[in-house]
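Down below is the structure, laid out as structure tokens.
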Amino acid sequence: MCGIIAIVRKPESRVAPNPVDLLDLIEKAVGLLAGEKIAAVSEAKNYLEQVNQLLQGTSGLYALIDNANLSRDLKEKLETLYTKVVPSIEQTLHEVDIDPEEANELIVGLRDSIWAILHDRIETFKGVMNLASKSHTPSRAGYAVLLSIQQALNAIDRMEVRGRDSAGIQITLWGYAPDKEKNIGHSEDPLYRSGATHHVKGRLLQFVVKTAAEIGELGDNTAVLRKRISEDTNLAEILTQEKVRGSILGHTRWASIGVVSEANAHPLDSIRADGEQTPLVTSVQNGDIDNYLEVIQDKSLSISSDITSDAKVMPALCSSYLRYGDAPSDAFRKAVQSFEGSLAIATSIADKPSNLYLSLRGSGQGLYIGLGEDVTVVASELYGVVEVTPNYLRMDGEIPADLNNAVTSRGQIVEVDSDKSGLSEGITRYSFDGRVLPIDDQEIKRAEITTRDIDRDGYPHYLLKEISESSDSVRSTLRGYLVKDTNGDLDVKLGTSVLSEELIKKVSSGKVCRITVMGQGTAAIAAQAVAAAIDEQILSSEIRVDSQLATELSGFGLRSDMSDTCVIAISQSGTTTDTNRTVDLVQARGAHVVAIVNRRNSDLADRADGVFYTSDGRDIEMSVASTKAFYAQVTAGFLLAVSLSKALSNKKSSGYLDLLEGLQELPQVMDQMLLNKTHISEIAKRHAPSRRYWAIVGNGLNLIAAREIRIKLSELCYKSISCDSTEDKKHIDLSSEPLILVCATGLVGSTADDVAKEIAIYKAHKAVPIVVCGVDDHQYGENPDQIRIPVVHPRLAFILSTMAGHLFGYEAAKAIDAQADPLREAHAAIEGMAISLSEGQSREDLMEDLRENLSRAESRFTHDLRSNALDGHLEASTASRLAGLFRYALGEVPLESYQREYGQVGTPGLVLDRLAESLVQAIEQLTRPIDAIKHQAKTVTVGISRTDETLLETRLTKFVLDSGSPRGQLSYRTLRLLSSLDPAVSTLQGFTRYEVQGLDTENPTIAIVDRGGVSTEIQSRTEDDPVLRGTKHRVASEREVLVTRGARDDRTLIIIPEVKEAETIGLSLLHVELVENLDVDGLRGVLGGYHNRYDFIRDAVCETEPELDETSLSKIRVVDLLVDPVGLIADRLRSKS
0 MCGIIAIVRK
10 PESRVAPNPV
20 DLLDLIEKAV
30 GLLAGEKIAA
40 VSEAKNYLEQ
50 VNQLLQGTSG
60 LYALIDNANL
70 SRDLKEKLET
80 LYTKVVPSIE
90 QTLHEVDIDP
100 EEANELIVGL
110 RDSIWAILHD
120 RIETFKGVMN
130 LASKSHTPSR
140 AGYAVLLSIQ
150 QALNAIDRME
160 VRGRDSAGIQ
170 ITLWGYAPDK
180 EKNIGHSEDP
190 LYRSGATHHV
200 KGRLLQFVVK
210 TAAEIGELGD
220 NTAVLRKRIS
230 EDTNLAEILT
240 QEKVRGSILG
250 HTRWASIGVV
260 SEANAHPLDS
270 IRADGEQTPL
280 VTSVQNGDID
290 NYLEVIQDKS
300 LSISSDITSD
310 AKVMPALCSS
320 YLRYGDAPSD
330 AFRKAVQSFE
340 GSLAIATSIA
350 DKPSNLYLSL
360 RGSGQGLYIG
370 LGEDVTVVAS
380 ELYGVVEVTP
390 NYLRMDGEIP
400 ADLNNAVTSR
410 GQIVEVDSDK
420 SGLSEGITRY
430 SFDGRVLPID
440 DQEIKRAEIT
450 TRDIDRDGYP
460 HYLLKEISES
470 SDSVRSTLRG
480 YLVKDTNGDL
490 DVKLGTSVLS
500 EELIKKVSSG
510 KVCRITVMGQ
520 GTAAIAAQAV
530 AAAIDEQILS
540 SEIRVDSQLA
550 TELSGFGLRS
560 DMSDTCVIAI
570 SQSGTTTDTN
580 RTVDLVQARG
590 AHVVAIVNRR
600 NSDLADRADG
610 VFYTSDGRDI
620 EMSVASTKAF
630 YAQVTAGFLL
640 AVSLSKALSN
650 KKSSGYLDLL
660 EGLQELPQVM
670 DQMLLNKTHI
680 SEIAKRHAPS
690 RRYWAIVGNG
700 LNLIAAREIR
710 IKLSELCYKS
720 ISCDSTEDKK
730 HIDLSSEPLI
740 LVCATGLVGS
750 TADDVAKEIA
760 IYKAHKAVPI
770 VVCGVDDHQY
780 GENPDQIRIP
790 VVHPRLAFIL
800 STMAGHLFGY
810 EAAKAIDAQA
820 DPLREAHAAI
830 EGMAISLSEG
840 QSREDLMEDL
850 RENLSRAESR
860 FTHDLRSNAL
870 DGHLEASTAS
880 RLAGLFRYAL
890 GEVPLESYQR
900 EYGQVGTPGL
910 VLDRLAESLV
920 QAIEQLTRPI
930 DAIKHQAKTV
940 TVGISRTDET
950 LLETRLTKFV
960 LDSGSPRGQL
970 SYRTLRLLSS
980 LDPAVSTLQG
990 FTRYEVQGLD
1000 TENPTIAIVD
1010 RGGVSTEIQS
1020 RTEDDPVLRG
1030 TKHRVASERE
1040 VLVTRGARDD
1050 RTLIIIPEVK
1060 EAETIGLSLL
1070 HVELVENLDV
1080 DGLRGVLGGY
1090 HNRYDFIRDA
1100 VCETEPELDE
1110 TSLSKIRVVD
1120 LLVDPVGLIA
1130 DRLRSKS
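When you line the sequence shown up against numbering that gives the first Met the number 0, it's residues 0 to 1136, in that order.
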């Protein structure tokens, strides 16, 4: 859960726009909008978009720099448009006879264009000016570099919601006058911490700024980086150069391997700890290199003990390949091919500073390549790209380039040429096995989100912002559909794009007799509410209404003929695989599908026969926990219910007008509900941290609210939470004395009285009921733990119950997370001391400061422990261990007792190490990130395991495992190599398994364990002579798979090491027959996967020839290419050229 950003830029391709022209376009737009005519809105939007495009890139930046008042004049006019004119236009559009969707698109387009000018252009310009040195005026080219820096920092600001314990930006500069290097004070820090520089004489300079802090808020890190960049006089000196160019490589990190420190913050460089000089490489990475320790050992990488991040391996390994003569692209490819795990990597190589190298493999990461005006921007999230450009290419880390060679061809490598920045021609894409993957223009997509959608707007978390915006989502969903009829009464008017004339006829004629509402997750809960609304509105109709999970419908609810069924499919994004697949299945059986979806042009919208877009059709939720989408989906469902009721009969259902008036008032009531936030926060702080067991109950529509709240509380607070009917709870688990959130809104009469009795039972069993009820519901008594909602239509009250639950979940997560604050401070103090010790500071002084910090943290921790506040979420074993270690670290217990308690001889250093480990464990148990999911990294694990499963499915690997080789004794590298060889094998003839003993002695031995196939008919030398020697000894010693020929019979053999704890304990020898020849792509995959043999052959040939003739290569027998010496193969290829 980290963020990658990289930017390369070429010199501008157009002159700066004239300020007069820009202001003239704005005036034209203002004039058109003043008339509030529909036809003029689209034209005005086009004028505004022209201004946005003219202000893009360095040309737009120069216009703002050269004209001091331009940004002010633009801002004044645009802010008036945004805050006053556009809302008025919006109201006008929805009062005239126009399709609500058309109106929404116009308004969204207007807001997007104005926002982009105000924020993506003017605010970015201001950011550039704040970065610029006051003493060294940048050149035009220097300002272009600063623009890249500012845009990269803005991207980190947006992406750090996925991780923020450290951040870094590297600025690589070239093209300046070499004599300028004399004035630069170099700081060659071997740990590449903030302020370090790299200098390749006469060619490039690299500056890096970093920050690392376990404790902090979103935006803190980039504030530090901005300050350090603006104060760097060395950087400012180079940016005065007229022809300077630069690239940016940046990252925001959520540490998974390695402590939080500047040395571990990305980018990391290739500098070796032993001082040996190698080519300079720097890199950033998302995901974990699972085999990084093995790579360090196998490749003899010299890495400082102060750098504990696995990400150091990438630049170090790439540099080692460069050192031995590989071209930059080849060195990068070989390095990334060596890694296990789901990884996204971006790399800069000093030998070719104008290029970026990208790699993506696995399902857990992403990389997006944005193509803007004279600029290419790379980010691990799409919202890291959209400030610069809406046009992007998405890298694919999962789909293999060749299904016949799936393992080696899965994943993509990209080389970005800054001289062709902004163009697809500047992107060279390869599969992991080296095949060129041409880029089709249709692969370049246009983002449907903008920075307006992902702006946090000053809220501490996206989740709170999105809950606070929920009333606007409901208001937008109603707008244009909830209208007044000719009598002035409220009515619902849905166009044929939602409910087609064909569907209306089928419903009214009785040909549709079933309505099924479906979704997954939160959408499935919304489906329950929509089904209930439809069921109530269609009165005594014989239509059967139900709700189902999409997976349940596709698995158990399909019929051969579903032409009598209308399926209402609900999805926030329109990309939910289970829902979309079910839509395909029901449509194939004749069902009519209506979608309730938030995203235009989504897969679901394209599939459905009718679409009801919620909100404005592009209501983005950045928080993992979706909230406002649920309210909008339910609101849309009520409107659909009323429309279907009208299709069945001209008679309006009982309470029809009251319900519509309730819907009209709902947004205002939701705004009132937000005023309860402080009260809800107090309740959450009082009860959420200390209670281990939670439950949510409700009845009727409130049970639907309870189910939705259960999802959000589970996501936010990491608890497994039960959800039951209010009356049933006493029969289930009251003995656990849980915290119970009771959804009891909209209840009247005996039902409300019965719920009050149930609450009394909860209290009697020492549970803690928190009751969500109406302001006038007095039957529940008066209690500070009640959450009272404003007056609302009783059929809509459950929506406010849900909103109360969402707010409670947010505040509960904050309260739990806050318990980790003193522990974070203690851990940061220990890590800070370790860093300071490595810098040579006095141990005595540092220990004094540390004891003060630990004492404060221990005092707060002990207070929470005594008051039972930690009982809900900190494991007892963790709390006990932490309390004991605090006492040893503070000297309250003599170290002599440590061994008796923990089984090791106690030393001050050991105690601090163990305390740091326990603090990490406790922090993990208490951390609640809110907008992200703490264990979202498990997505990466899924990606890894799926790759592993694919390796096990190849024919060659299956044969090895079926022959008896234990899976745990075949390394990932061995499995990959076997999978690479698989396409070359035509027949598997037999096997022999050996046991190896005494490999570390002078006389190792080998003995047959098992054999099968042709092997049983062949006399083995080891039966008479058990000494391990020859090729088998080589395989056992090197622990590498070998393809060879039998010394006596010339049979083709594959020898495979079985390794346990880094020692070969067995061998599997396979008798195989290889295919005669392979085509060029197949050969490249096989030879590339077999110890990089393709590269070795190519390098040997290119000693004398300009290039490798792959056609001639494909004519050589596969067995010869795998077994014969590389020099011999090269001679054969030379003789054919």
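The beta carbon of each residue, even a glycine, is placed where N, CA and C say it ideally should be.
8 Å contact criterion, which residue i and residue j should meet: CB distance rounded
{"i": "L130", "j": "I228", "result": "6 Å"}
{"i": "V770", "j": "V741", "result": "5 Å"}
{"i": "T346", "j": "M313", "result": "7 Å"}
{"i": "D432", "j": "R1083", "result": "6 Å"}
{"i": "T861", "j": "Q920", "result": "Not really, about 18 Å apart at Cβ, beyond 8 Å."}
Under the three-state DSSP convention, the category residue i falls into
{"i": "W114", "result": "helix"}
{"i": "T986", "result": "strand"}
{"i": "T938", "result": "Here T938 scores only 27 on pLDDT, less than 50, and its place in the model should not be relied on; the value that follows carries that caveat. T938: helix per DSSP, three-state reduction."}
{"i": "A343", "result": "strand"}
{"i": "A549", "result": "helix"}
{"i": "V387", "result": "coil"}
{"i": "I453", "result": "coil"}
{"i": "L204", "result": "strand"}
{"i": "R227", "result": "helix"}
{"i": "L1132", "result": "helix"}
{"i": "G1087", "result": "helix"}
{"i": "R1116", "result": "coil"}
{"i": "E994", "result": "strand"}
{"i": "F611", "result": "strand"}
{"i": "S979", "result": "helix"}
Start and end residues, beta strand (DSSP E) containing residue i
{"i": "P1056", "result": "T1051 to K1059"}
{"i": "G30", "result": "Here G30 belongs to no beta strand (DSSP E); instead the alpha helix (DSSP H) covers P18 to A33."}
{"i": "Q840", "result": "Q840 -> no beta strand (DSSP E), and no H or E assigned at all."}
{"i": "C317", "result": "Careful: C317 lies outside any beta strand (DSSP E), inside the alpha helix (DSSP H) at V312 to R322."}
Candidates the options: closest to residue i by CA position
{"i": "R1092", "options": "D1119, V1071, S1019 and V1074", "result": "D1119"}
{"i": "L955", "options": "Y692, P793 and V1040", "result": "V1040"}
{"i": "L21", "options": "N51, I3 and I6", "result": "N51"}
{"i": "S572", "options": "V623, G556, R558 and Q536", "result": "V623"}
{"i": "S553", "options": "Q519, T574, A531 and L538", "result": "Q519"}
{"i": "V1026", "options": "V959, R1050 and E994", "result": "E994"}
{"i": "K351", "options": "D72, Y367 and S318", "result": "S318"}
{"i": "H678", "options": "L658, A751, L715 and I786", "result": "I786"}
{"i": "G201", "options": "I214, K510 and Y175", "result": "Y175"}
{"i": "A568", "options": "G636, R8 and Q840", "result": "G636"}
{"i": "L845", "options": "E900, E380, S734 and L911", "result": "L911"}
{"i": "A151", "options": "G871, S749 and Q169", "result": "Q169"}
{"i": "R1010", "options": "G804, T1021, E122 and E1109", "result": "T1021"}
Residue-chain proximity (residue i, chain B), Cβ-Cβ < 8 Å
{"i": "V160", "result": "Note that chain B does not occur in the displayed structure, where there is just one protein chain."}
Check: residue i C-beta below 7 Å from any heavy atom of the ligand GTP
{"i": "H777", "result": "For the ligand GTP, the structure offers nothing, since it holds no ligand at all."}
For residue i, the first and last residue of its enclosing alpha helix (DSSP H)
{"i": "F1095", "result": "R1092 to V1100"}
{"i": "R580", "result": "T576 to A587"}
{"i": "N1076", "result": "Element bounds for N1076: n/a, residue is neither H nor E."}
{"i": "N701", "result": "L700 to C716"}
{"i": "A814", "result": "A796 to A817"}
Contact between the stretch 416-432 and the stretch 177-191 (3+ Cβ pairs under 8 Å): no
Three or more C-beta pairs below 8 Å linking the stretch 802-822 and the stretch 848-860: yes
Contact between the stretch 1046-1060 and the stretch 961-981 (3+ Cβ pairs under 8 Å): yes
The stretch 602-611 / the stretch 573-591 touching (three or more Cβ pairs under 8 Å): yes
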